[in-house]
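Visitor: Per this note's numbering: the sequence shown = residues 22 to 352.
Even glycine gets a Cβ: it sits at the ideal position worked out from N, Cα and C.
As the structure is a prediction and not an experimental result, all values here were calculated from the model.
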Amino acid sequence: MKEQYDLIAIGDTVIDAFIKLKDASIHGKQGDQTYEICLPFAEKVPYEDVFILPAVGNAANAAVSASRLGLKTGFITNIGSDQQGKDCLASLQKDGVSDEFVKITEGKKTNYHYVLWYGSERTILIKHEIFDYVLPDIGEPKWIYFSSVNENAFPFHNTVADYIVAHPSVKLAFQPGKFEIKMGKEKLAKLYKNCELFFCNVEEAKKILQTENFSIKALLTELHGLGPKIVVITDGPNGAYSFDGTAYLSMPTYPDPADPVERTGAGDAFASTFTSALALGLDIHTALSWGPINSMSVVQHIGAQQGLLTKEEIEEFAKNSPANYKPTTME
Numbered sequence: 022m023k024e025q026y027d028l029i030a031i032g033d034t035v036i037d038a039f040i041k042l043k044d045a046s047i048h049g050k051q052g053d054q055t056y057e058i059c060l061p062f063a064e065k066v067p068y069e070d071v072f073i074l075p076a077v078g079n080a081a082n083a084a085v086s087a088s089r090l091g092l093k094t095g096f097i098t099n100i101g102s103d104q105q106g107k108d109c110l111a112s113l114q115k116d117g118v119s120d121e122f123v124k125i126t127e128g129k130k131t132n133y134h135y136v137l138w139y140g141s142e143r144t145i146l147i148k149h150e151i152f153d154y155v156l157p158d159i160g161e162p163k164w165i166y167f168s169s170v171n172e173n174a175f176p177f178h179n180t181v182a183d184y185i186v187a188h189p190s191v192k193l194a195f196q197p198g199k200f201e202i203k204m205g206k207e208k209l210a211k212l213y214k215n216c217e218l219f220f221c222n223v224e225e226a227k228k229i230l231q232t233e234n235f236s237i238k239a240l241l242t243e244l245h246g247l248g249p250k251i252v253v254i255t256d257g258p259n260g261a262y263s264f265d266g267t268a269y270l271s272m273p274t275y276p277d278p279a280d281p282v283e284r285t286g287a288g289d290a291f292a293s294t295f296t297s298a299l300a301l302g303l304d305i306h307t308a309l310s311w312g313p314i315n316s317m318s319v320v321q322h323i324g325a326q327q328g329l330l331t332k333e334e335i336e337e338f339a340k341n342s343p344a345n346y347k348p349t350t351m352e
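(1) For glycine 328, does the count of other Cβ atoms within 10 angstroms reach 16, so buried, or fall short, so exposed?
(2) Are isoleucine 254 and asparagine 222 closer than 8 Å when you measure CB to CB?
(3) So, do the stretch 29–42 and the stretch 163–171 have three or more beta carbon pairs nearer to each other than 8 Å?
(4) Could you pull the start and end residues of the alpha helix (DSSP H) that glycine 106 belongs to?
(5) Please list the segments of the beta strand (DSSP E) lying wholly inside the stretch 199–246, counting only runs of 3 or more residues, in order along the chain.
(6) Mind listing, in chain order, the continuous alpha helix (DSSP H) runs of no fewer than 4 residues lying wholly within the stretch 262–310?
(7) Identify, in the order they occur along the chain, each residue of the same chain with its Cβ nearer than 6 Å to the Cβ of serine 46, setting aside the five sequence neighbours on each side.
(8) Excluding the five sequence neighbours on either side, which residues of its own chain have a C-beta within less than 6 Å of the C-beta of serine 112, listed in chain order?
(9) Helix, strand or coil for glutamate 142? Go by DSSP, reduced to three states.
(10) Would you call the stretch 149–159 and the stretch 82–93 touching, i.e. three or more CB-CB distances under 8 Å?
(11) Asparagine 215 and alanine 174: beta carbons closer than 8 Å?
(12) Going straight from the alpha carbon of lysine 192 to that of alanine 298, what length do you get?
(13) Could you round the C-beta distance between serine 86 and asparagine 315 to whole angstroms and report it? I think they count as a contact, below 8 Å.
(14) What residue range is occupied by the uninterrupted beta strand (DSSP E) comprising asparagine 99?
(15) Skipping 5 residues on each side, what residues in its chain have a beta carbon closer than 6 Å to that of proline 249?
(16) Distance, Cα to Cα, alanine 268 vs threonine 350?
(17) With DSSP collapsed to three states, give me the class of isoleucine 151.
(18) Within the 8 Å Cβ cut-off, does asparagine 345 reach chain D?
(19) Check for me: the beta strand (DSSP E) holding aspartate 27 runs from which residue to which?
(20) Go to isoleucine 251, then tell me how far its beta strand (DSSP E) extends in each direction, as first and last residue.
Right, dumping it as structure tokens:
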């Protein structure tokens, strides 16, 4: 290994095919969290457009975000020996993300998801191929950002945790994906215990802790008790919250310049930008103020990466932010 990395992301990468729908409806009661998107059954359903976005997914988005913010970034992932895999490699290279640790498996397909895009929201049809997950020789990067691998990858999660234990100078940011949340906090206890930074949204926090009644403070406290040194919970338009064992902080969203185009990748943008700010030597208050800026920018574009900003662009937005755009201590 020739490179010394600031951040190495670990996780699955996918191709996202955004299908913009025009003949659909949303069913569900106000306040009901189980809304459904409905399409005419057994008919030909017209759509407006389609956009194919390679090399996306939680960890891939984080790698691109960190690279644009100026960090030397690598990415551990698996792709197939197909054209989609080649497209992912080309996209990563374009964004300055090293492909040194990208594993190409002959005879395998690259992960491919279909995103049903209606209004500013999306419903994603997902399928993760089964790959062999191996942690290569990565030396000692400053940070590892781990998120979203196939549920069949376990116990690879413990392999990552064991690496952190053996390399105490390396800090771990953990953003669980759908499968990590499904596995439960007990099965992934070693990963929770050894991470520096932990990210999830409010709904995910309640699933992880198996509760519906906790306040934000209680959710932060309970998640912190699992081991992470810093816990960050995002809450959509209500902003974000953090707890480092001492201070409970609340951060508002950055004002949208226009209605969101679609919201894919907003959480990834926040989490990766927060992590990158700490990797750049900045404090929690600055990290909290940077995260929503990148989220704001991402939702003004299609997909999770097009709107990701550079360090200079984020600093410019921060300089021109409203007076009340700052972290405050939670009551």
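Guide: The answer reads as follows:
(1) buried
(2) yes
(3) yes
(4) 104–115
(5) 218–222
(6) 287–300
(7) Cys59
(8) Pro75 and Ala76
(9) strand
(10) no
(11) no
(12) 13 Å
(13) 7 Å
(14) 94–101
(15) Cys216 and Phe219
(16) 7 Å
(17) coil
(18) No chain D is present in this structure, which holds just one protein chain.
(19) Premise fails: aspartate 27 is in no beta strand (DSSP E) and is neither H nor E.
(20) 251–255
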